[in-house]
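Comments concern the structure below.
Protein chains: 2
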Amino acid sequence: MARKFVCTYDAPIVETKAGKLRGFQIDSTYVFRGIKYADAKRWEMPTPVQPWEGVKDALNYGYVCPLVDAPKPSTGELLVPHRYWPEDENCQYLNIWTQSLDRNAKKPVMVWLHGGGFAAGSGIEQVAYDGEALSVYGDLVVVTLNHRLNILGYFDVSSLGEKYWNSANVGNADLVAALQWVNENIENFGGDPNNVTIFGQSGGGMKVSSLCQTPAADNLFQKGIVMSGTTDRDMFSIDLSDVLPKLMEKLNVKTGEELAAVPYRPLIDAYLEVVGRRGAMAFGPKPNGWYLGEALFAGFSERQKKTPLMVGSVIGEFLGFGPGLKNRKTATDEEVREAVGKFYGMEHADEIIAAFKKAYPTSNPLDVLVIDTVFRPAVKRYVTEKAKYTEAPTYSYMFVAEMPIDNGKAPWHCADIPFFFHNAEMVEYCNFPGSDELQEQMASAFVNFARTGNPNNPSLPEWPAVTPEDEACMIFDVKSYVGHNHDNELLELCRKYAPNFNIFENIKVEH
Amino acid sequence: MARKFVCTYDAPIVETKAGKLRGFQIDSTYVFRGIKYADAKRWEMPTPVQPWEGVKDALNYGYVCPLVDAPKPSTGELLVPHRYWPEDENCQYLNIWTQSLDRNAKKPVMVWLHGGGFAAGSGIEQVAYDGEALSVYGDLVVVTLNHRLNILGYFDVSSLGEKYWNSANVGNADLVAALQWVNENIENFGGDPNNVTIFGQSGGGMKVSSLCQTPAADNLFQKGIVMSGTTDRDMFSIDLSDVLPKLMEKLNVKTGEELAAVPYRPLIDAYLEVVGRRGAMAFGPKPNGWYLGEALFAGFSERQKKTPLMVGSVIGEFLGFGPGLKNRKTATDEEVREAVGKFYGMEHADEIIAAFKKAYPTSNPLDVLVIDTVFRPAVKRYVTEKAKYTEAPTYSYMFVAEMPIDNGKAPWHCADIPFFFHNAEMVEYCNFPGSDELQEQMASAFVNFARTGNPNNPSLPEWPAVTPEDEACMIFDVKSYVGHNHDNELLELCRKYAPNFNIFENIKVEH
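Chains as they are written, first to last, in the numbering used here: chain G, 10 to 520; chain R, 10 to 520.
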């Protein structure tokens, strides 16, 4: 059936600080794509866009940041449906979906920070990042954005000149500029600049937590959601102290200006030659006063202490990308025991299985073979540390629902995104018996948290905030339930009996 | 509401000549993506893929052919929503959507040949190329594909060695290989190998008509649909006789093998330096016996004479990409007369307007300002010449429905594609009062033509085949109607009073 579509010379048009923008309306949603929120010279801090006369079209997604590697279609396309987009260094663009253009509407605002570490991805990289459904479902304003990544966003060339003083963090400075733009303009898109929730997954989750430790962003958001983006180790950094001189020698340049003029492709190629492949993901913000450093290392900022947070991960994460087990549905207890024993040692199999069943009573015990031990222990540490500050609540979650690919699979890194975005219909694997209810629980948690700072709502069992002694954890499944310190024992056993994975060296990452 | 989704270890699996493939099922549709239909060394003829043991996944779209220019998001994204995808020379992939995997089902098969001249595009380039809706609506098998383009598909290096004998046409040879694969395998996907319709738009339409003149494809398809892809001039060719030696000198290579080993990017960059920007689209098949040359130049092949064809264009084509007129809805007769007079000469305004109203009584007379005079006269000539051969019918159409962008616009090149694919819901501008009925008329015409070679069905007025004397033409609008030599006078006046556009030199093409 035909939808409502409007894109005339008169509507929808919104006034921003720099000038007028035309978007389009599809059914109840107003959409503005590819809004330039800042300009920036390479490695310099972003500046506001120049004002313009008349009306500019905001109908097309903007350029995404150039990526280290040419993208490849992987066997994981069914697991994480991608969208690719033209790349350009000039990539400070954001997109808006909203149900109202009334500046008195004051709807909650959710700003999505994409994943891909600090090196890859874009605001439209995954099919499930489309904001229309979440905006409709939650009656709120959804913003997605692109910003500088990898060597353009997180490479320290401050020794080459004063203007590069924050070059190690300009990727995050773009995020602050985007939030500044939202702060100054979102009212005209029906949003409440004083009710902004930043949310992100993987690298995007790390962006949320790093913005909580960035004083320049202190007044630009009120709440945060960190999805599969908490680590208690420094995942990305490698020693780059001698890289800059080697890089300049290789490129035969002498000054910062000359280096800043090298086109992206030869620059990143030379960088990879100097650093090696391990450098491809080795980017992230660096503490320098502008950015304080992650809370678990540098302590919680005053800002973060008073920020309601929702933090969680999924049961399989990177190990979930592997193929599902052929005998998942049919394995006997003895076969489960053997499989678990092969991985953790036969002598520990019973103990591990018992701990898993206690932690995740509705899950398939074979999931213990792909259980994530990278993000989850860090989530637990993060939320219980954060919970010491009682000015704002902290909510913990875990996503465990079995996905219907192969003969059933534990959910992988990113598998939860379409449910939280209320985009299950757009992503094939998100369709199975109970998936509608699962999506209702997950999206309603997000929407209620964005609205009030509390995710509780009638679709879910009572979900208490974490306390330092009790990590209440919403375990999202077709029938979700709340655990209390549910996997303390399991985590201890898994870490004790299984190798300590370094996900970026030991595990083939599919995307 | 959750859809049905199946992708287990057991289903859906289909046996092909080379081995087993696993796809997935979404609601009633079985989907197989990224099936390799051939292999090829650069500039050599394609060869069948090597057989494999076990089951291969066909879940991800395959690489698309490398493109001359890095893609840019244009202001036309709302007009032609794009999908970008990773590029690689090894790009012989096809995708299948089908309602049955029963080898006795024998559903009609439609094979889509994408546009972009012979230089650009891909089988998934436009959002509207998705085959699911057309497969469901028509209960038929839809195939889309990628093949070699531009310098990889249509560059004559035959002087460099026997194995390069058909290098000027290997892009089309990939198409033949794909049709061969369909011929040999589509039965297992529920398709009828003896009822194959090839259809394509723009360059894709030219691919359809060139395959009608390619003896190697004679038994591989039965019907053709040429959308906005008929020309009566050689649109792409420029004199390339001295390019090869200059290119080899620039790249400092001596042999075909050395040239074939140059990576794509330096190869195409050197080519553009030698030929200039005008070379970016200057690719297409060349008559050499394997390919006979276009019918309007070389005469109709015996194959084409007996091939039912549907041929048409849209009213605005490339001129339709411009912005809509601000006063389109409000212009008085006098304002229309002035605008038309400015373009065609004031002394001809009344004559032109009268001819336009006679030709297109339901259209806005301002559309005469953007009326296509490139494709349409060629369509007319092609269908009336083809109609001399009465072994198979020829149907003519024109798409004129006003599009709801700006204050209304004449349809542009590609604007018809979502309606024919039954994908109006996926593309914003395709939603307006009457769009459901328009889609029903257009998609049903395609489906009935694919089924029987005759597009007639109850949703449309009686649509006679063309005869040499009477070009019956289905004019698709919210209420479609049939013209008879409807624009003879108009075309004559337009060509007489207005400049003869060379679309690739005089008009800014938005994508």
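Where is the CB? At the ideal position from N, CA and C, for every residue including glycine.
Keep in mind the model is a prediction, meaning the values are calculated, not measured.
CB of residue i within 8 Å of CB of residue j, strictly
{"i": "residue 93 (chain R)", "j": "residue 430 (chain R)", "result": "no"}
{"i": "residue 106 (chain R)", "j": "residue 208 (chain R)", "result": "no"}
{"i": "residue 212 (chain R)", "j": "residue 126 (chain R)", "result": "yes"}
{"i": "residue 215 (chain G)", "j": "residue 238 (chain G)", "result": "yes"}
{"i": "residue 315 (chain G)", "j": "residue 225 (chain G)", "result": "no"}
{"i": "residue 442 (chain G)", "j": "residue 433 (chain G)", "result": "no"}
{"i": "residue 223 (chain R)", "j": "residue 181 (chain R)", "result": "yes"}
{"i": "residue 459 (chain G)", "j": "residue 147 (chain G)", "result": "yes"}
{"i": "residue 33 (chain R)", "j": "residue 437 (chain G)", "result": "yes"}
{"i": "residue 388 (chain G)", "j": "residue 345 (chain G)", "result": "no"}
{"i": "residue 14 (chain G)", "j": "residue 440 (chain R)", "result": "yes"}
{"i": "residue 391 (chain G)", "j": "residue 305 (chain G)", "result": "yes"}
{"i": "residue 204 (chain G)", "j": "residue 117 (chain G)", "result": "yes"}
{"i": "residue 58 (chain G)", "j": "residue 45 (chain G)", "result": "yes"}
Close-in-space but distant-in-sequence residues of the same chain around residue i (CB under 8 Å, 5 per side omitted)
{"i": "residue 281 (chain G)", "result": "77, 288 and 289"}
{"i": "residue 259 (chain R)", "result": "279, 282 and 283"}
Other residues of its chain near residue i: CB distance less than 6 Å, five sequence neighbours each side excluded
{"i": "residue 512 (chain R)", "result": "For residue 512 (chain R), the predicted model reports a pLDDT of 42, less than 50, meaning its position is unreliable; a value from the coordinates is still stated below. 327 and 383."}
{"i": "residue 151 (chain R)", "result": "106, 119, 140, 143 and 144"}
{"i": "residue 496 (chain G)", "result": "368"}
{"i": "residue 25 (chain R)", "result": "194"}
{"i": "residue 97 (chain G)", "result": "72"}
{"i": "residue 160 (chain G)", "result": "277 and 280"}
{"i": "residue 454 (chain R)", "result": "464"}
{"i": "residue 449 (chain G)", "result": "468"}
Cβ shell of residue i (< 7 Å), same chain only, five flanking positions each side left out
{"i": "residue 501 (chain G)", "result": "none"}
{"i": "residue 393 (chain R)", "result": "475, 477 and 480"}
{"i": "residue 379 (chain R)", "result": "325, 328, 329, 331 and 419"}
{"i": "residue 252 (chain G)", "result": "283 and 284"}
{"i": "residue 514 (chain G)", "result": "With a pLDDT of 39 at residue 514 (chain G), under the threshold of 50, the predicted position of this residue should be treated as unreliable, and no value is reported."}
{"i": "residue 99 (chain G)", "result": "72"}
{"i": "residue 256 (chain G)", "result": "279, 280 and 283"}
{"i": "residue 333 (chain R)", "result": "414, 415, 416, 417 and 418"}
{"i": "residue 490 (chain R)", "result": "470 and 484"}
{"i": "residue 176 (chain R)", "result": "52, 164, 165, 166 and 167"}
Among the options, the one whose alpha carbon lies nearest that of residue i
{"i": "residue 81 (chain G)", "options": "G:130, G:462, G:21 and G:72", "result": "G:130"}
{"i": "residue 206 (chain R)", "options": "R:272, R:318, R:364 and R:473", "result": "R:318"}
{"i": "residue 62 (chain G)", "options": "G:50, G:31 and G:42", "result": "G:31"}
{"i": "residue 248 (chain R)", "options": "R:278, R:293, R:221 and R:396", "result": "R:293"}
{"i": "residue 51 (chain G)", "options": "G:505, G:123, G:66 and G:75", "result": "G:75"}
{"i": "residue 469 (chain R)", "options": "R:101, R:487, R:178 and R:422", "result": "R:487"}
{"i": "residue 39 (chain R)", "options": "R:124, R:340, R:354 and R:197", "result": "R:197"}
{"i": "residue 172 (chain G)", "options": "G:407, G:454, G:49 and G:405", "result": "G:49"}
{"i": "residue 102 (chain R)", "options": "R:187, R:341, R:452 and R:113", "result": "R:187"}
{"i": "residue 313 (chain R)", "options": "R:322, R:323 and R:300", "result": "R:300"}
{"i": "residue 219 (chain R)", "options": "R:178, R:190, R:191 and R:192", "result": "R:178"}
{"i": "residue 157 (chain G)", "options": "G:273, G:79 and G:91", "result": "G:273"}
Any non-hydrogen atom of the ligand GDP closer than 7 Å to residue i Cβ
{"i": "residue 278 (chain R)", "result": "This structure simply doesn't include the ligand GDP, nor any ligand for that matter."}
Amino acids of chain G, ordered along the chain, whose beta-carbon sits closer than 9 Å to that of residue i
{"i": "residue 125 (chain R)", "result": "None at all; the shortest Cβ gap to chain G is about 15 Å."}
{"i": "residue 45 (chain R)", "result": "Chain G residues near residue 45 (chain R): none, gap ~12 Å exceeds 9 Å."}
Residue i: contacting residues in chain R (beta-carbon distance under 9 Å)
{"i": "residue 193 (chain G)", "result": "Residues of chain R passing the Cβ test: none, with the nearest at roughly 25 Å."}
{"i": "residue 16 (chain G)", "result": "87, 413, 414, 415, 437 and 438"}
{"i": "residue 434 (chain G)", "result": "10, 11 and 12"}
Contacts of residue i in chain G (Cβ-Cβ under 7 Å)
{"i": "residue 3 (chain R)", "result": "Here chain R comprises residues numbered 10 to 520, so residue 3 (chain R) is not present and cannot be evaluated."}
{"i": "residue 79 (chain R)", "result": "95"}
{"i": "residue 71 (chain R)", "result": "82"}
Under 8 Å by beta carbon: chain R residues contacting residue i
{"i": "residue 41 (chain G)", "result": "By Cβ distance, chain R contributes nothing, its closest Cβ being about 12 Å from residue 41 (chain G), past 8 Å."}
Where residue i meets chain R, residues with beta-carbon distance less than 7 Å
{"i": "residue 445 (chain G)", "result": "10 and 11"}
{"i": "residue 33 (chain G)", "result": "87 and 437"}
{"i": "residue 538 (chain G)", "result": "The requested residue 538 (chain G) is not part of the displayed model; chain G covers only 10 to 520."}
Next on the checklist: What ranges does the alpha helix (DSSP H) occupy inside the stretch 242-315 of chain G, keeping only unbroken runs of at least 4 residues that lie completely in it?
Outcome noted: 252-260, 265-269, 273-284, 304-307 and 311-314
Next on the checklist: Could you tell me which whole alpha helix (DSSP H) segments of length 4 or greater appear in the stretch 174-211 of chain R?
Outcome noted: Scanning the stretch 174-211 of chain R from its first residue to its last, the whole alpha helix (DSSP H) runs of 4-plus residues come out as 179-194.
Item to check | Residue ranges of each beta strand (DSSP E) within the stretch 122-171 of chain G, 3 or longer | outcome: 150-154
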